[in-house]
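Heads up, the sequence shown is in the numbering used here, so the first residue is 2 and it goes up one at a time. See below for the structure under consideration.
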Amino acid sequence: MDIKEARFIVSNTDVAKCPKPDKPEYAFIGRSNVGKSSLINMLAKKKSLAKTSGSPGKTKLINHFEIDSDWYLVDLPGYGYAKIAKAERKKWEKLIRNYILLRQNLICLFVLIDARHEPQKSDLEFMEWLGMDQIPFAIIFTKIDKLKPEVLSGKLKAYEQKMMETWESMPVTFLTSAEKGTGRNEILSYIKTLNKTAES
Ligand code: GTP
Ligand code: MG
Numbered sequence: 002m003d004i005k006e007a008r009f010i011v012s013n014t015d016v017a018k019c020p021k022p023d024k025p026e027y028a029f030i031g032r033s034n035v036g037k038s039s040l041i042n043m044l045a046k047k048k049s050l051a052k053t054s055g056s057p058g059k060t061k062l063i064n065h066f067e068i069d070s071d072w073y074l075v076d077l078p079g080y081g082y083a084k085i086a087k088a089e090r091k092k093w094e095k096l097i098r099n100y101i102l103l104r105q106n107l108i109c110l111f112v113l114i115d116a117r118h119e120p121q122k123s124d125l126e127f128m129e130w131l132g133m134d135q136i137p138f139a140i141i142f143t144k145i146d147k148l149k150p151e152v153l154s155g156k157l158k159a160y161e162q163k164m165m166e167t168w169e170s171m172p173v174t175f176l177t178s179a180e181k182g183t184g185r186n187e188i189l190s191y192i193k194t195l196n197k198t199a200e201s
């Protein structure tokens, strides 16, 4: 599957104001600066569809992009940004919780993790929360262009080991580089398969 047309629809902070939930939807979530917006641009092959930034905290709203008039990609604000005030964090939690729990057409949440980092408490806790609420999710490791292959495989093994302390099996996992386009085909064909299941 390729993407022919990607267009920005709406940004808001309220799940009730999101587009009508009549198309399958896939959202990207993860720590600030992990590369959510960059990955959306890479998948859509559109450099500035979603706004990216070198400093964390760029995306603050729920952003809907319509793909080929057929499904939605959603860019979400990041979590785990150390400098954020407690009140802001609470606001984020409420926004995300509402979106994830109430959005009926959300097919899969992609949890992005920077491949270079050790397993982070905020990511592990977030995924545990998803598990408890039975929210379908997959992991996307980002920025793999920044690691040598042997270092990457060590990092992945360590991550899997950490996950297996709480999970029975690993979730579906993708390896990506927004810089190089790595992982694009894999993610798009995964979405295509899920879109078909959602149709039937
Ligand atoms: P927030 O909106 O702040 O939560 O961040 P985000 O997760 O949307 O991150 P964003 O896409 O804005 O990217 C953050 C920084 O990482 C930018 O400087 C990107 O250029 C860089 N970046 C993102 N993906 C990659 C990648 O695959 N490889 C490399 N080398 N850099 C990347
Ligand atoms: Mg962003």
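Note that the Cβ used here is the ideal one computed from N, Cα and C, for glycine as well. Because the structure is a prediction, the values reported are computed rather than measured.
Item                                                                                                                                                    : Value
Please report the straight-line C-alpha distance between S39 and L157, rounded to a whole angstrom.                                                     : 21 Å
For the beta strand (DSSP E) that contains Y100, what are its first and last residues?                                                                  : Unbroken run through Y100 is the alpha helix (DSSP H), 87-103; no beta strand (DSSP E).
Let me know the secondary structure DSSP gives W168 once reduced to three states.                                                                       : coil
Is it the case that the Cβ atoms of G58 and P78 are separated by a distance below 9 Å?                                                                  : yes
By how many angstroms is the C-alpha of T14 removed from the C-alpha of L62?                                                                            : 6 Å
If you drop the 5 nearest sequence neighbours on each side, which residues of the same chain put their C-beta closer than 8 Å to that of I10?           : P20, H65, F66, E67, Y73
If I follow the unbroken alpha helix (DSSP H) through A116, where does it start and stop?                                                               : Run containing A116: none; DSSP gives neither H nor E here.
Relative to the ligand MG, is the shortest distance from any of its heavy atoms to the C-beta of D76 smaller than 8 Å?                                  : yes
Which parts of the segment 3-66 are runs of the beta strand (DSSP E), unbroken and 3 residues or longer, counting only runs that do not cross its ends? : 7-13, 26-31
I'd like to know whether the C-beta atoms of T183 and T174 end up nearer to each other than 9 Å.                                                        : no
For the alpha helix (DSSP H) that contains A199, what are its first and last residues?                                                                  : 185-200
Would P137 be called buried (16 or more neighbouring beta carbons within 10 Å of its own) or exposed?                                                   : exposed
With the cut-off set at 9 Å, would you say A45 and I108 are in Cβ contact?                                                                              : no
Going straight from the alpha carbon of A86 to that of D124, what length do you get?                                                                    : 19 Å
Closest by CA to A28, which one among A116, I141, D76?                                                                                                  : D76
Is any heavy atom in the ligand MG found nearer than 8 Å to the beta carbon of S38?                                                                     : yes
Measure the alpha-carbon distance for T60 versus K122 and round it to whole angstroms.                                                                  : 21 Å
In the DSSP assignment, find the unbroken beta strand (DSSP E) run with L176 in it and report its ends.                                                 : 174-176
Whole angstroms is fine: what's the gap from L189's alpha carbon to A88's?                                                                              : 36 Å
Tell me the residue span of the alpha helix (DSSP H) that contains L131.                                                                                : 122-133
By the three-class DSSP mapping on this structure, what secondary structure does L153 have?                                                             : helix
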